[in-house]
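Numbering (full-length UniProt numbering), first residue to last: 1 to 384.
Think of the CB as a built atom: it goes at the ideal place given N, C-alpha and C, for glycine as much as any other residue.
Please read all numbers here as calculations on a predicted model, not as lab measurements.
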Amino acid sequence: MNDVKDDFECLIVIDANKYLDLYRRDTGLQILKYLSRVSEYIFVTSQLVNEVNRNKVKVLSDFLANKIKAVSIDNVKLPEHFGDGFSGDKSSLSEELGEIKNTVGRKAQQLKDYSRELLALTTKSEDEVSISLSSIFSRAVEANDDELERARLRKELGNPPGKKGPLGDELLWEQLLTKLRGKTKLWLITSDSDFATKHEKSLFLNAFLMQEIKALPNSPQIFVFDETLGGIRDFAEVNGIDLDIELSREEIDEINLEEQQLNLSDRLRDYFQLYGTGIAGSVANQLAALEANPSFQSMLEAQKYWNSDILKTAAQMASLESNPSMRAFRESKSGLVGQAQKFAAEINKAGNGMLRNAKARQNNDSEDNQDSDDSESSRSDSKE
């Protein structure tokens, strides 16, 4: 594969989740247009391309499943023993509701057919997103032995970026450090907290990563964005590139709003990747105890009449306790169990300590004021 052009002084790097977001968003068409306008400036690695290809079918499947669920109607029947005082025609209303349910059911089936066909295309990378990204991914850069070794060491030392599992962001960063030699500017587009922290509307690069950037011979400037559209538009403006794309304010707002929602999902995934095992284990244990409760069993049996998604979810999560794979997974990650609770307890402890200190200061101030009053009284008495 060919490398991104070396005669440019600036680069764009987009993390894998941003590419995967194109498989779980409604406003992807305009993003693809923007990417195509700056594709020759985008630096990608083979590892990143592999990560996208490993996950895109699953991401799209989940996205489409939510679409299908959104058009489903479970029950629109009217109670047969009520309605005598209804001013309209109850039987006609009931028939119309039944027709609506049938129509929605047919459309849901069409959506399922559409989803299967789209997933089949995505598996072969013949979908619109994969085809559009191919011009970028065709220039993916392979890691050399030195970069691989540095990435492994980075992971062993626990230095950012990167998470548990195989080498990913560690390798991307090591390859990027190599590529940045001789460059003057970098636009990093990511919602990954390993790379940057968001405070209000500003993003700040991880201090460890910033030190590595500053240590490069040319110490390039770095601009961090968590919105793909905003990052590309800023890149084009700074470098005098005409994107030749006209978007209304409403279209831009819609794209940004959806990306903000996706960014929140990314941050939640980061959190549960760190602490999710402990939380899942705690919830599974508690729901397993409920499973043995006769009252809870009665509630579960009644769920088909109540049409309660909450009870359905509770029943499914309770079954986790009897799942050998889940138990083995929890045991292997026992060090994380209760991390969220411990963290909350530490916050509570710190808060109580601050409260005690505040009360102590208040008491000391009261004593000081009393001493001052006594002193003033003594001085007044001596004058008399």
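Check                                                                                                                                                                : Outcome
Within the region 97-167, note down every full alpha helix (DSSP H) run reaching 4 residues or more, in order along the chain.                                       : 128-137 and 145-157
Let me know the secondary structure DSSP gives K33 once reduced to three states.                                                                                     : helix
The alpha helix (DSSP H) with K77 in it runs from where to where?                                                                                                    : Looking at the DSSP string, K77 is not in any alpha helix (DSSP H), and its letter there is neither H nor E.
For S249, is the classification buried or exposed, using 16 other Cβ atoms within 10 angstroms of its Cβ as the cut-off for buried?                                  : One detail in the question is off: residue 249 reads as Arg in this sequence, not Ser. Exposed, since its Cβ has fewer than 16 Cβ neighbours within 10 Å.
Skipping 5 residues on each side, what residues in its chain have a beta carbon closer than 8 Å to that of S36?                                                      : S132 and S135
When we look at the beta-carbon of Y19 and count the other beta-carbons within 10 Å, is it buried (16 or more) or exposed?                                           : buried
With DSSP collapsed to three states, give me the class of K58.                                                                                                       : helix
First and last residue of the alpha helix (DSSP H) that includes T178?                                                                                               : D169 to K179
I need the DSSP call for L268, collapsed to helix, strand or coil.                                                                                                   : helix
Quick one, are the C-beta atoms of V129 and Y41 less than 8 Å apart?                                                                                                 : no
Just to confirm my understanding: we take T178, look at its own chain, exclude 5 residues before and 5 after, and list those with CB closer than 7 Å. What are they? : E147
Cβ of F223 within 8 Å of Cβ of N159?                                                                                                                                 : no
Quick check: P161 and E170, are their CB atoms within less than 8 Å of each other?                                                                                   : yes
Check each candidate in A16, N256 and N263 and name the one with the smallest Cα separation from Q30.                                                                : N256
Apart from the five residues just before and just after G28, which ones in its own chain have a Cβ nearer than 6 Å to its Cβ?                                        : L22
What residue does the alpha helix (DSSP H) around A16 start on, and which one ends it?                                                                               : A16 to D21
Just the Cα atoms here: how many angstroms apart are R116 and N102?                                                                                                  : 21 Å
Please tell me whether V38 and F225 are closer than 8 Å, where the distance is taken between their beta carbons.                                                     : no
Determine the burial state of N144: buried for a count of at least 16 other Cβ atoms within 10 Å of its Cβ, exposed for fewer.                                       : exposed
Is the beta carbon of K33 less than 8 Å from the beta carbon of I252?                                                                                                : no
Exposed or buried, what is I100 when buried is set at 16 or more other beta-carbons lying within 10 Å of its beta-carbon?                                            : exposed
Under a three-way DSSP split, which group does I42 fall into?                                                                                                        : strand
Can you tell me whether DSSP reads V49 as helix, strand or coil?                                                                                                     : helix
With a threshold of 8 Å, are at least 3 pairs of Cβ atoms found where one atom belongs to the region 226-233 and the other to the region 185-200?                    : yes
Taking buried to mean at least 16 other C-beta atoms within 10 Å of its own C-beta, is L153 buried or exposed?                                                       : exposed
For a quick check, are the C-beta atoms of Q109 and V141 less than 8 Å apart?                                                                                        : no
Is the Cβ-Cβ distance between V71 and L111 less than 8 Å?                                                                                                            : yes
Here's the rule: buried if 16 or more other CB atoms are within 10 angstroms of the residue's CB, otherwise exposed. What is Y305?                                   : Residue placement at Y305 is poorly supported in this model, since its pLDDT is 48, which falls under 50; the coordinates are not used for a value here.
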